[in-house]
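Structure first, commentary second.
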Amino acid sequence: MTLDPLLIEVLACPIDKGPLLWFEDEEILYNPRLKRSYVVRDGIPVMLIDESSEVGDSEHDRLIAKAKSENVPETGSNARGGKGPTDASPS
Amino acid sequence: MSNEVREAVKRRYAAAAVEADGAYSEATPCCGEPAVSTCSPAGEAVFGAALYDEAGEGALPNAVAASLGCGVPTAVADLHPGEVVLDLGSGAGADVLIAAGRVAPGGRVIGLDMTPEMLDLARQNAVLAGVDNVEFIEGYLEEIPLPDATVDVVISNCVINLAADKHVVLKEAARVLRPGGRLAISDVIADPDMDAATRSDIAEWTGCIAGALTEADYQVGLSGAGFEEVEVIETHRVHPHAVAAIVRAVRARDGSATGNP
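Chains as they are written, first to last, in our numbering: chain L, 4 to 94; chain B, 1483 to 1743.
Structural data, given as C-alpha cells:
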C-alpha cells in the first residue's frame, strides 16, 4: 500500500524534525542524516523512535544511490513554511 | 515510570479499540465493563459518546460510539475551511472526522496516535464515512513527526493526561503550530488536593485521572511552551478528585517557542 500524498508533504523525522526520503517500493521512510529508517504499515507511517531501525553504512550508501538514481521524493517539501525541492510530482 | 505508563496506556486502549470494533451494532455500554469506563460511579456519562449530541455531525456513529474522550474539542475549536488540524491521540477518529467536515474544502486533518489498533479502527471509520481529507500517523505525542509551524489548529480529546511527559507534549504542540495557531483541547484536570494514593495508581492513570494536571500546572505548562491567551473552562466533574475541562490557548506570534534559527 502506498502513502497518502498529503502525508508525504508533511511528515518529518520525530527525532530531528527534518525531511525523510520515501522509498515507495520498500515501504520505508529514511532519515539520511541520522541513518534511521521508519516502516510504513498498511499505509500508516510508524514514526515511533523505538520501532525505527538504525541503518549500516553499506545500506545507507545503497539507499542514497537509489534515491539519486530514481529521484526518490523527500517529505516536507510542501509543508507550510518549509523549503526544499519543488519536485513533488509522484511518478 | 514513564515507560511503564506508556505501555499500560497502550495496552488498555488497544483493548478498547478491539472491543469497539466488535460492538458497532450496539451502543457502548454505560457502566458495563468496557476496557475504559466511561461513566461516573453514579451512572452519569462523563466520558465518551454520550457527550457528543448534535456536535457529532460529520462523524460516523461508529467513531463517536468508540469515543473515550471527555468533551468535544471540535465544538470549541472554531475551525475554518482550508485549515490544517492535528488531533493528538486521535483514537477511533470521531474528532478527526468532525474536524474534516469543518475544514473542507481545502483543509485536512492529521490524526496522531500510538495505538495501532486504534489507528486501524480510525481509518476504517474514515473510509466508511467517505472522508478523504484525513491522514493517520502512528507516533508519540512527545515526539510529533511533523516539521515546525505546519499546523493551524491542535485538538485533543482527553489524551494529554495520559502522556508520560505532558510538558514535552505541550512544547511539541507549540512547535508544530504556526505562530498565531490555536490549541483547543478537552482534558481531565486534577483538583489541587488529589491524594497520593490516587496519583500513584496505574489503573487511575490509564483511566485518565492519576496523570491529570492541575489547572495551575496547565497554565504554567502552556505559558512555558509558548502559548498565550490561556483559558481553562471546567465543564463537568468526572471523579471525586478531577473535572473535565476545555483548555484553549494561542501559540505566541513572536516565534519564541520553537527556537527558530
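Glycine residues also receive a C-beta, built at the ideal position from the N, C-alpha and C atoms.
Asked, Found
"At least three beta-carbon pairs within less than 8 angstroms, the stretch 1569-1576 of chain B to the stretch 1678-1691 of chain B", "no"
"Distance between beta carbons of B:Cys1640 and B:Ser1668, contact taken as under 8 angstroms", "6 angstroms"
"Chain-ordered residues of the stretch 1625-1637 of chain B with a beta carbon less than 8 angstroms from chain L", "Glu1625, Ile1626, Pro1627, Leu1628, Pro1629, Asp1630, Ala1631, Thr1632"
"Distance between beta carbons of B:Ile1642 and B:Ala1666, contact taken as under 8 angstroms", "Their Cβ separation, rounded to whole angstroms, is 12 angstroms, which puts B:Ala1666 and B:Ile1642 out of contact at 8 angstroms."
"Extent of the continuous alpha helix (DSSP H) to which B:Gly1583 belongs", "1576-1585"
"Per-residue burial, B:Ala1645 [other beta carbons within 10 Å of its own, 16 or more giving buried]", "buried"
"Chain B contacts made by the stretch 35-52 of chain L, where a contact means CB separation under 7 angstroms", "Ile47, Pro48, Val49, Met50, Leu51, Ile52"
"B:Thr1597 beta carbon less than 8 angstroms from that of B:Tyr1495", "yes"
"Distance between B:Gly1693 and B:Ala1707 (C-alpha atoms, nearest Å)", "19 angstroms"
"Cβ-based burial, B:Thr1556 [other Cβ within 10 Å; buried from 16]", "buried"
"Between the CA atoms of L:Tyr41 and B:Arg1681 - distance to the nearest angstrom", "35 angstroms"
"Per-residue DSSP class, three states only, for B:Gly1553", "coil"
"For B:Ile1592: DSSP bridge partner residues", "B:Leu1568, B:Glu1617"
"Distance between B:Glu1716 and B:Leu1628 (C-alpha atoms, nearest Å)", "31 angstroms"
"Sub-8 angstroms separation of B:Gly1589 and B:Glu1565 beta-carbons", "yes"
"Contact check, B:Leu1561 vs B:Val1578, beta carbons under 8 angstroms", "no"
"B:Ser1668, DSSP secondary structure in three states", "strand"
"Below-8 angstroms beta-carbon distance, B:Glu1501 vs any chain L residue", "no"
"Closer than 7 angstroms at the beta carbon, the chain B residues around L:Asp7", "Glu1617"
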